[in-house]
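The structure appears right after this line, and notes come after that.
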Amino acid sequence: MSFDRSIKIAPSILSADFANFGAEIRAIEDQGADWVHVDVMDGHFVPNLTFGPPAVKAFRPHVKTVMDVHLMIAPVDPYIEAFAEAGADFITAHVEASPHIHRTLQAIRGAGAKAGVTLNPGTPVEAIENVVDLVDLVLVMSVNPGFGGQKFIASQVEKIRRVREMIGDRPIHIEVDGGVTPETAPLVAAAGADVLVAGSAVFKGGSVDNPEVYGANIRAIREAAEAARA
Ligand code: DX5
Ligand code: ZN
Numbered sequence: 199m200s201f202d203r204s205i206k207i208a209p210s211i212l213s214a215d216f217a218n219f220g221a222e223i224r225a226i227e228d229q230g231a232d233w234v235h236v237d238v239m240d241g242h243f244v245p246n247l248t249f250g251p252p253a254v255k256a257f258r259p260h261v262k263t264v265m266d267v268h269l270m271i272a273p274v275d276p277y278i279e280a281f282a283e284a285g286a287d288f289i290t291a292h293v294e295a296s297p298h299i300h301r302t303l304q305a306i307r308g309a310g311a312k313a314g315v316t317l318n319p320g321t322p323v324e325a326i327e328n329v330v331d332l333v334d335l336v337l338v339m340s341v342n343p344g345f346g347g348q349k350f351i352a353s354q355v356e357k358i359r360r361v362r363e364m365i366g367d368r369p370i371h372i373e374v375d376g377g378v379t380p381e382t383a384p385l386v387a388a389a390g391a392d393v394l395v396a397g398s399a400v401f402k403g404g405s406v407d408n409p410e411v412y413g414a415n416i417r418a419i420r421e422a423a424e425a426a427r428a
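When we follow my numbering, the leftmost residue of the sequence shown carries the number 199, and every step to the right adds one.
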């Protein structure tokens, strides 16, 4: 996997048809998705429940691009090995989910995955200052985690800019998650994000029988983001 800062669209399968993940993953990839974003929730760190390692393992053969696993679980350390074995390319953990985030990030890399660290909307950039050399990705949440379809929190744009400054020349992706649409994509792209997660804005109006809608939705986000970079 080579590093670059081009705009990457990562549809969140939280907004897919839960009875048809294999076909949904193939449909979004055929329609131009760059990464596949998998939201793991535990009903404890966040007020919602989704998938465990067996589900992630079942998605793996369908994902031809990059499987980006966003862990919204606490504790997180006991499950890192299982998600790595399930085939996650990136494993991202929240600063608040681990009493020892430095150790958690080391464990993710130790398990053979790329490591991501996540900032909630209320978490300051300083929280990751001392772990920046241990990560391959910084995820800035632009909603409070737990649900798709929430409103973008505009104050996070300035945070993205500050993260971008902090990482300088390091080969670290900046990902943004929550409320990303063709309207908000230009703001986050201009601030320095390169991986744009989008759930509702990608899946809305489409289906595996009507996948061109996914393609049009992905293109609309990408074009808006790229125009803001130019
Ligand atoms: C929220 C999840 C997001 C969510 C995004 O906790 O981490 O990935 O699915 O959904 P939208 O794009 O609908 O805000
Ligand atoms: Zn997510």
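Quick reminder that beta carbons are idealized off the backbone N, C-alpha and C, glycines included.
Whether residue i touches residue j by CB criterion (7 Å)
| i | j | result |
| --- | --- | --- |
| residue 377 | residue 405 | no |
| residue 423 | residue 205 | yes |
| residue 280 | residue 251 | yes |
| residue 375 | residue 395 | yes |
| residue 314 | residue 397 | no |
| residue 361 | residue 336 | yes |
| residue 426 | residue 389 | no |
| residue 400 | residue 373 | no |
| residue 351 | residue 230 | no |
| residue 236 | residue 267 | yes |
| residue 282 | residue 309 | yes |
| residue 264 | residue 287 | yes |
| residue 284 | residue 254 | yes |
Residue i to residue j span [Cα, whole Å]
| i | j | result |
| --- | --- | --- |
| residue 299 | residue 207 | 27 Å |
| residue 211 | residue 219 | 8 Å |
| residue 262 | residue 199 | 12 Å |
| residue 297 | residue 411 | 42 Å |
| residue 414 | residue 247 | 30 Å |
| residue 238 | residue 419 | 24 Å |
| residue 402 | residue 318 | 25 Å |
| residue 249 | residue 303 | 21 Å |
| residue 384 | residue 324 | 25 Å |
| residue 256 | residue 391 | 29 Å |
Pick from the options that is closest to residue i, judged by C-alpha positions
| i | options | result |
| --- | --- | --- |
| residue 322 | 216, 357, 222, 292 | 357 |
| residue 221 | 408, 416, 352 | 408 |
| residue 243 | 333, 295, 400, 382 | 295 |
| residue 139 | 343, 201, 311, 350 | The question about residue 139 has no answer here: the residues shown for the chain are numbered 199 through 428. |
| residue 368 | 238, 217, 332 | 332 |
| residue 201 | 370, 273, 388 | 370 |
| residue 344 | 256, 265, 270 | 270 |
| residue 305 | 325, 241, 329 | 329 |
Beta bridge counterpart(s) of residue i as assigned by DSSP
| i | result |
| --- | --- |
| residue 317 | 338 |
| residue 408 | 405 |
| residue 209 | 396 |
| residue 357 | In the DSSP output, where bridge partners are listed per residue, residue 357 has none listed. |
| residue 290 | 268, 314 |
| residue 306 | Residue 306 pairs with nothing; no bridge assigned. |
| residue 239 | 270 |
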